[in-house]
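Chemist: Here our numbering is used: position 272 in the sequence shown is 295, and no number is missing along the way.
No residue lacks a Cβ here, since even glycine has one placed at the ideal position from N, Cα and C.
Remember, it's a predicted structure, so these values are computed and weren't measured experimentally.
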Amino acid sequence: MLPRIENGEAFSRFLTLYRQHNANCPTYTLTRTRKTADGRIYHQEIMRKSGTITESVKTTFYMVLRQYVDSYNRIASTMPAGMYTQEDPPSMLTNCVRMGELCDCSDRTVRNHLNRLRSLGVVRTKFHGSKHDFELWISKEILFGGEGEEAAKPLKKVPNSPLPEGFSKIFPHSNTHREFIEKENGNADFVNCGYGENDYRERGRAETGDSLNEMLPNEPTGQEQRKMIGGAGGAKIAKPAIPQVRLPQLPKQYLELLMEFWLYAWRVIYPGRDFSRDEQEKALLAIAAGVYRQFSEERTPREWVDFQTRQLEKLDKAAKYYDNHPEAYRPDPFAVHVPGRGYFDAENLQGFTGLEAWMKRDEVKGAHRKQAYAETREKVQKRAEALLRTARRDFEKLRLEVKPRKEVAHMNQISLFQYYRTSFEGLGKTWTDKFCKQYLDQQAADFQPPKYYKSRKTRRQAGEMTPEVIIEVESWMQEGEGWYSEI
């Protein structure tokens, strides 16, 4: 079980590190020269230290620590025992804008302070690119103390079933990323990587086997759980050990998918609930029947990975809905009174089963939006290309003193340039740059149109076209070689 962290004790350990670091920073001498009103000059030597932690960085760390400790204690009191350890504590998902509001400073200031704390080894972050958020950890020396520190008091909570050994415990915050890795011999395993590799270049790879129950310890009997202490009259029953969850008899790769789904659903759909052993067993049975159909469908390893990714995306969508509607009722994962009313039961079309239609409907809407965007973009492109051709002709007519169009008849070269630049600015920077480039190219060529842009009449009037020569061919000229034969 994770120990509870006290904010004051953790910040006190940081203050010790803060003062020790500033005391060990190297010093240098700064000489200042001052001149008084009567002309006398004074030289003053001031001792300064380089590389110290400023007071503002300490204030930022205090706010970050307070948010992290609240998140840590909440997760430690709700998650099953064994999911996290002191060597691998849970992370806090945040961003610099949110922390800047708490610290009453800009997000750039928070980013600089976090870079400073990261260089000192106080915090560790991992960016994912999703919504510009990042995971943040604080060093275990600050949280739990080093050797000689007293162990923190454990949380007072109802014991939960620990995570069976060998299961992955990487749960993404806002999206689901799974990878499929093939071995060199051509076989493939299911791999749950969370966001890919961790900071130690490790991946959570599933092991193969027939049943996961072989690796679980045998459940003790009632007599083994009870230990009599003292006499018969004042006997006390010792607290039993945390029980293991009895899992269905399935191959290990299927059990990993099942446990991953349940633990992630527990985290995002029921974050504030505690489930007993019996409730977890019922939930696993309901998920195996309602979501995975008892794994009766035959799929390749790649297809199972895609199927699992789809199910976890459904959980993300449901979690987002409940976050936006905190007053909405969250049904139990299994049927309590009426059969088929559990959230993960296949018969409950308003539960997890209905999310598939919801996601397909959103995908159709997204496809329509993309198509509408592509059509609008194509219209803008055609309009911009036509406007470029019109602008080129107007500048050429102005240079050749040919009768211009009625709209630009009163404009000179400068006003004509400003007219078209204003028009292209409404189409975006890309088309504005193309117009400016075309104008510069025309100006370099003295606004003379290229030959392939000139009409036959214009080229004939300019003497750039060879006059046509008509040759009359007689019938006798087509016989034999030479002349104008068809050969």
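1) Might you give, ordered along the chain, the residues of its own chain that have their beta carbon closer than 6 Å to the beta carbon of Glu11, omitting 5 neighbours on each side?
2) To which residues of the same chain is Phe167 closer than 6 Å at the C-beta, ignoring the five residues directly before and after it?
3) Measuring straight from C-alpha to C-alpha, what distance separates Lys149 and Trp160?
4) Using a 10 Å radius around the Cβ and a threshold of 16 neighbouring Cβ atoms, would you call Thr83 buried or exposed?
5) Since Leu335 is in the alpha helix (DSSP H), which residue starts that stretch and which ends it?
6) So, Tyr41 versus Arg71, is the Cβ gap smaller than 8 Å?
7) Determine the DSSP secondary structure at His66, reduced to helix, strand or coil.
8) Helix, strand or coil: which one does DSSP assign to Ile161?
9) Could you check whether the region 406-420 touches the region 443-458, counting it as contact only if at least three pairs of C-beta atoms, one from each stretch, sit closer than 8 Å?
10) Less than 8 Å between C-beta atoms, sequence neighbours within five positions excluded: which residues of the same chain meet that for Ser344?
11) Assign His136 to buried or exposed, taking buried as 16 or more other Cβ atoms, counted over all protein chains shown, within 10 Å of its Cβ.
12) What whole-angstrom Cβ distance do Phe18 and Gln317 have, given they're in contact under 8 Å?
13) What residue does the alpha helix (DSSP H) around Val87 start on, and which one ends it?
14) Within its chain, find whatever has a CB closer than 8 Å to the CB of Leu88; leave out the 5 residues flanking it on each side and keep chain order.
15) My output table needs one value for Arg316: the three-state DSSP class, helix, strand or coil.
16) Do you know whose CA, among Glu320, Ala358 and Ala380, lies nearest Glu302's CA?
17) Could you check the C-alpha separation between Tyr396 and Lys402 for me, to the nearest Å?
18) DSSP three-state label for Phe284, please.
19) Where do the N-terminal and C-terminal ends of the beta strand (DSSP E) with Tyr51 fall, by residue?
20) So, with DSSP's three-state summary, where would you put Lys388?
21) May I have the straight-line CA-CA distance separating Arg422 from Lys457, to the nearest angstrom?
22) By the DSSP assignment, the beta strand (DSSP E) with Leu116 in it spans what residues?
23) Report the residue from Val314, Val328 and Glu398 whose alpha carbon sits nearest the alpha carbon of Asp368.
24) Could you tell me the alpha carbon to alpha carbon distance between Glu398 and Ile28, rounded to whole angstroms?
25) My assumption, with CB atoms under 8 Å, is that Ile310 sits in contact with Arg353. Please give the rounded CB distance.
26) Since Asp156 and Asn118 should fall inside the 8 Å C-beta cutoff, what is the C-beta to C-beta distance between them, to a whole number of angstroms?
27) Which term fits Trp9, buried or exposed, when burial requires 16 or more other beta carbons within 10 angstroms of its beta carbon?
28) Give the straight-line distance between the Cα atoms of Phe375 and Ile98, rounded to the nearest whole angstrom.
29) With DSSP collapsed to three states, give me the class of Thr445.
30) Please classify Tyr95 as buried or exposed, where buried requires at least 16 neighbouring CB atoms within 10 angstroms.
31) DSSP beta-bridge partners for Thr148?
32) State buried or exposed for Lys275, treating a residue as buried only when at least 16 other CB atoms are found within 10 Å of its CB.
33) Counting C-beta neighbours from all protein chains within 10 Å, is the total for Lys337 16 or more, i.e. buried, or is it exposed?
34) Is it buried or exposed for Cys48, if we count other Cβ within 10 angstroms and need 16 for buried?
35) Measuring only from the beta carbon, is Arg406 closer than 7 Å to any heavy atom that is part of the ligand FAD?
36) Would you kindly work out how many angstroms separate the C-alpha atoms of Arg139 and Pro112, rounded to a whole number?
Modeler: With the given structure in hand:
1) This structure gives no information on residue 11, because the portion of the chain shown stretches from 24 to 510.
2) Gln109
3) 9 Å
4) buried
5) Pro324 to Asn347
6) no
7) strand
8) strand
9) yes
10) Reading the sequence as shown, one finds Tyr at residue 344 and not Ser. Closer than 8 Å at Cβ, skipping near neighbours: Ala351.
11) buried
12) The structure shown does not extend to residue 18, since the chain spans only 24 to 510, so no value can be given for it.
13) Glu78 to Thr101
14) Asn30, Ala33, Phe34, Phe37, Ile161 and Ile165
15) helix
16) Ala358
17) 10 Å
18) helix
19) Thr50 to Lys58
20) helix
21) 21 Å
22) Met115 to Thr117
23) Val314
24) 56 Å
25) Rounded, the Cβ-Cβ distance is 16 Å, inconsistent with contact.
26) 5 Å
27) Outside the modelled stretch of the chain, which goes from 24 to 510, sits residue 9, for which no answer is possible.
28) 24 Å
29) helix
30) buried
31) Leu159
32) buried
33) buried
34) exposed
35) Ligands are entirely absent from the displayed structure, and the ligand FAD is therefore not among its contents.
36) 22 Å
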